[in-house]
Each structure stands twice: as C-alpha cells, then as structure tokens.
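Working notes, beginning with the structure itself.
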Amino acid sequence: MTAPFKVVIPARYASTRLPGKPLLDIAGKPLLQHVYEAARASRAAAVVIATDDQRIKSAAEAFGAQVVMTSVKHQSGTDRIAEAVAKLQEPDDTIIVNVQGDEYGLPPAIINQLAMALYENPGKHMATLCEKVVNKTDLYNPHVVKVIVDDNNSAIYFSRSCIPWIEHGGELSLADFPCQPYRHIGIYAYRAGFLKIFTALRQCPLEVSEKLEQLRALYYGYNIHVEPAAAACGLEVNTPEDLERVRKTAKSNKL
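Residues 18 to 272 in the working numbering are what the sequence shown spells out, letter by letter.
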C-alpha cells in the first residue's frame, strides 16, 4: 500500500549564505530544477513550488512547474508551505511533504518513504528522516544538523552542535560515542491540518537560537517521527563550498 501525498518545495531567493541559491547552475540546470525533477519522479500526486520571488517563479514555470506565490514575511519554509497549502485548499488530512529546495540528488524513494512514515504513524504530528554521521568533520560542522531520538522513534532534540555530548578528556572520535550520531535530513511530512496549528504557534527561543524551525514543534509538545533513510541521501547546498562539491559531483555523474 502507498500513502497518497503531495510535495511542496519552498524556495526563496534571499539566502544569507548563498544569495540566489535556487537558481544557481548545476550541470546546466538551476538547483531548484534538480530538486523538482526528483520530486516529480516520486509517487506524489502533485509537486508545487512555493516562493515569494518573481525570478524563481519565472524560472520554475520555464521548466514546467506549478508555482504558488507566497508572502515575503515568512520566517521558515514550513510557514511558506502552510500559506501555499491554504491557497490550494487542501483537506486537513492531506499529507504534505516538504522537500527543501537545496537538497541536491535526493532519491525519489526517500520522498515516498517519508510520506509512508507519517501515514503509518497517525499519532505523530510530523515525520522526518536521518542518516548516520560517518566522519568527525560532519559531526562538528554547524551546517550539518544532528538529531537524537527516543525508543519510540520520536525526536528528542535537533542541534547544529555535536550531540549527544559525553564527558571525555580529549577530542571525541565517533567510536567514543555511547550511540551512533545521526544527521538530520532536511525533508519533512505533515498533514495539512497540522500546518495550520504549527503556523499559529509563536517562534520559540530554541528555534531562534539554533535557526531550526522543527524545534518549534518540539517546544510546544508536538511529536516528530524520525527514522533512518532507506537510501543514500542527497547533498545540501548551504555554502559556496557545498555548491562547488555538488558541481563536481554532478560533473562526475555520481548523483
């Protein structure tokens, strides 16, 4: 059985670390087009791009995407998606998958997995994925978000810092950790009804400090289901160094 769902891709032009990020060229296509095509290859009933920028709208429509224009005031991708879903008048039980517009090379199977994860966990309010951290560079990199979970596969916390912490006399190696560290993959699933609830909540101090919107849900007591991704995931493009790495990867056809 497969879960019925739709994908919404939030895209904004004014990235502080990499301005114009959605439209940056990778192997002859804008980054956003690579993300859109991966989403279209999933089992999603529809794929929509939500943006506040006319340049992104024009580029997206040029490669055949449906676009919903949203407010310039949104502080997070989920807020932007919520407005788009409201404009599309989606029923409250519709599963919406938020595919970040900077996740290059995301396998369509991962999108399908996430939709099914929320569908099979009706008691959870959101769902997301993770993968093992396999090197110390990622472990201590603030651009690589880490997550820890409980024994019910519910998120305990997300952080840009190295978590979990353990008392140690020197620098930690991966082998020193009491449990396997995990990288959070920036893709979410929610029901349309929960998006109304989420966007009515005030930003919380943890969310502002970490610059991680999912902490708003945890802060107010909502559950986030987390499970390991069933396939190797894509590469996030957050910095000029990330962009160069992705361009090299695309050139060598590794993704």
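Glycine included, each C-beta is placed from N, C-alpha and C at the ideal position. Treat the numbers as computed from the prediction; the structure is a model and nothing was measured.
If you draw a straight line from the Cα of Ala209 to the Cα of Ile241, it comes to about 15 Å. The C-beta separation of Ile113 from Phe22 comes to about 7 Å, placing the pair in contact by the 8 Å criterion. The criterion of a C-beta distance shorter than 8 Å is satisfied by Ile202 and Leu146. Residue pairing by DSSP leaves Asp167 without any beta bridge partner. Judged by DSSP in its simplified three-state form, Gly94 adopts helix.
Closest in alpha carbon position to Thr216, among Cys196, Pro198, Leu232, is Leu232. The alpha-carbon of Asp42 is positioned some 20 Å away from that of Pro124.
Looking at the DSSP output, Glu148 sits in a beta bridge with Arg200.
The Cβ-Cβ distance between Lys153 and Ser190 falls below 8 Å.
Cβ-Cβ separation between Gln117 and Ile204: approximately 6 Å, consistent with a contact (criterion under 8 Å).
Under a 10 Å Cβ-count criterion, Ile183 is classified as exposed, with fewer than 16 other Cβ atoms of the shown protein chains found around its own Cβ. Taking a contact as a CB-CB distance under 8 Å, the pair Ala58 and Ile26 does not count as one, their CB atoms being some 13 Å apart.
Distances from the alpha-carbon of Cys221 to those of Phe211, Val150, Tyr237 put Tyr237 closest. Remark: fewer than three beta-carbon pairs, one from each stretch, lie closer than 8 Å, so the stretch 97-112 and the stretch 32-39 are not flagged as touching.
Burial is judged here by how many other beta carbons sit within 10 angstroms of a residue's own beta carbon; Leu131 has at least 16 and is buried.
The beta carbon of Asn138 sits closer than 6 Å to the beta carbons of His242 from its chain, once the five residues preceding and following it are set aside; these are given in chain order.
Within the stretch 182-265, the complete beta strand (DSSP E) runs of at least 3 residues fall at 199-208, 241-245.
In terms of Cβ geometry, Glu227 and Arg177 form a close pair [threshold 8 Å]. Within the stretch 108-149, complete beta strand (DSSP E) segments of at least 3 residues are found at 112-116, 143-149, given in chain order.
Inter-segment contact for the stretch 239-259 and the stretch 159-176 is present: three or more beta-carbon pairs are separated by less than 8 Å.
About 16 Å separates the beta carbons of Arg60 and Asn115, which is beyond the 8 Å limit, so they are not a contact pair.
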